[in-house]
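Participant: Encoded as structure tokens, here's the structure I'll be asking about.
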Amino acid sequence: MGIWIASVHAIPRNGNPDFAGAKGVVVNVLAQADSAASYRQQVEQAVSEYGLDVVEIEDIEEFAFARPTTADFERLSALASTVEEEGGVEFDVFYTYDD
Numbered sequence: 029m030g031i032w033i034a035s036v037h038a039i040p041r042n043g044n045p046d047f048a049g050a051k052g053v054v055v056n057v058l059a060q061a062d063s064a065a066s067y068r069q070q071v072e073q074a075v076s077e078y079g080l081d082v083v084e085i086e087d088i089e090e091f092a093f094a095r096p097t098t099a100d101f102e103r104l105s106a107l108a109s110t111v112e113e114e115g116g117v118e119f120d121v122f123y124t125y126d127d
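Numbering follows our numbering, in which position 98 of the sequence shown is assigned residue number 126; successive positions increment by one, without gaps.
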């Protein structure tokens, strides 16, 4: 079982107070899974719990732990470590867009 990561594009459901006014969000999501299909299923469920509907999951791949070279990679490595130790699904920073 590995740690998987992908970029997830989702849209908020009507009445979603967390992303009110946004047309959509993009976020990197990490989860422990046996396969890309299993990863996709976990992520779709977790995203739904945020009141969002998945539009697209792009660039699904196993996360490769390496020496962090940027602050972004360091943050993702920390999230991957949390998933490895505790399981579950971890979200990076949500980026919203209006257009």
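No residue lacks a Cβ here, since even glycine has one placed at the ideal position from N, Cα and C.
On a predicted model such as this, the values are computed, not experimentally measured, just so you know.
Between 106, 121, 78, 127, which has its C-alpha nearest residue 41's C-alpha?
Facilitator: Checked all of 106, 121, 78, 127; the closest Cα to residue 41 is 78.
Participant: Taking 7 Å as the cut-off, decide whether the C-beta atoms of residue 118 and residue 111 are in contact.
Facilitator: Closer than 7 Å, so yes.
Participant: Tell me the rounded alpha-carbon separation between residue 124 and residue 64.
Facilitator: Cα to Cα, residue 124 sits roughly 25 Å from residue 64.
Participant: Can you tell me whether residue 64 is helix, strand or coil according to DSSP?
Facilitator: In this structure, residue 64 counts as helix in the three-state DSSP scheme.
Participant: Within 10 angstroms of the Cβ of residue 202, are there 16 or more other Cβ atoms? Answer buried if so, exposed if not.
Facilitator: Given that the chain is displayed from residue 29 to residue 127, the structure contains no residue 202 and the question cannot be resolved.
Participant: How many whole angstroms separate the CB atoms of residue 57 and residue 34, which I take to be in contact at a CB cut-off of 8 Å?
Facilitator: About 6 Å; that satisfies the 8 Å criterion.
Participant: Give me the DSSP bridge partner(s) of residue 30.
Facilitator: Answer by DSSP bridge pairing, in chain order: 61.
Participant: Identify the continuous alpha helix (DSSP H) that holds residue 47 and give its terminal residues.
Facilitator: First-last for residue 47: undefined, no H or E at that position.
Participant: Taking the CB atoms as reference points, tell me whether residue 107 and residue 38 lie closer together than 7 Å.
Facilitator: Going by C-beta atoms, residue 107 is not nearer than 7 Å to residue 38.
Participant: So, for residue 62: in the same chain, excluding its five sequence neighbours on each side, which residues have a beta-carbon less than 6 Å away from its beta-carbon?
Facilitator: Around residue 62: 29.
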